[in-house]
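Residue 217 in my numbering sits at position 121 of the sequence shown; the count goes up by one each step and never skips. Read the structure below first, then the notes.
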Amino acid sequence: MNHEYFMDMALKASEEAYRLGNWPVGSVIVRAGVVVGAGQNEMNTRKDITWHAENAAIRDAQARLGTTDLSDTVLYATMEPCPMCAWSIKLAGIHRMVLAVRHATLRRTDMGTYSMESFGRMVGWEFDLVSGVREAEYLALRRQWGKDSVRKD
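So, in structure tokens, the structure goes:
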């Protein structure tokens, strides 16, 4: 699967979210090489703190496919999912994820030592994770947004 191609779609969703005044985060869900769900952060425009990109993409995929079972899909996200989204991803049965940037890269401290791996260990969830896909491009957008302490190295 071409990770860069699908991450480019998630990046476009991130850019749109940013233009609309939301956190710049985007996500797509792919099944057999076809996008079946897409979402972007819309917390500010919807005035709903649960409207994260991953949850929006899950809602979209489940509606399009007519099922809550997304076990045969891959989730692409520009940002490492938060614990709320991680739980949604787990419940949807997704076991493959591709990320652009991790919380540690942004030096985020608002979630302590949280990572997808620590969450997986806590809830007994095994998954495959690839990170760093289009990292430089997403970091540039996060720098433009200006609300992170992005590593310079």
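All residues carry an ideal CB built from backbone N, CA and C; glycine is no exception. Every value quoted in this text rests on a predicted model; they were computed, and no experiment measured them.
Alpha carbons only, please: which of M139, A232, H99, C181 is nearest the one belonging to Y114?
As a position in the sequence shown, residue 114 is number 18, starting the count at 1. Closest by alpha carbon: M139.
Whole-angstrom Cβ separation of G117 and Q136, contact assumed at under 8 Å?
Residue mapping note: residue 117 aligns to position 21 of the sequence shown, counting from 1. Residue mapping note: residue 136 aligns to position 40 of the sequence shown, counting from 1. About 12 Å separates the two Cβ atoms, so there is no contact after all.
Presumed contact (8 Å Cβ cut-off) between V219 and K186, rounded CB distance
Numbered from 1 along the sequence shown, position 123 holds the residue referred to as residue 219. Numbered from 1 along the sequence shown, position 90 holds the residue referred to as residue 186. Their Cβ separation, rounded to whole angstroms, is 6 Å, which keeps V219 and K186 in contact under 8 Å.
Whose C-beta lies closer than 6 Å to the C-beta of I268 among residues of the same chain, with five residues either side of it excluded?
A query on residue 268 cannot be resolved here, the shown segment of the chain reaching from 97 to 249 and no further.
Pairwise C-alpha distance: P177 and E233:
Here residue 233 corresponds to residue number 137 of the sequence shown, with the count starting at 1. Here residue 177 corresponds to residue number 81 of the sequence shown, with the count starting at 1. Those two C-alpha atoms are separated by around 18 Å.
Looking only at C-alpha atoms, which of K243, A182, N151, D224 sits nearest to T205?
If you number the sequence shown from 1, residue 205 lands on position 109. Looking at the Cα atoms, K243 is the closest of the given residues.
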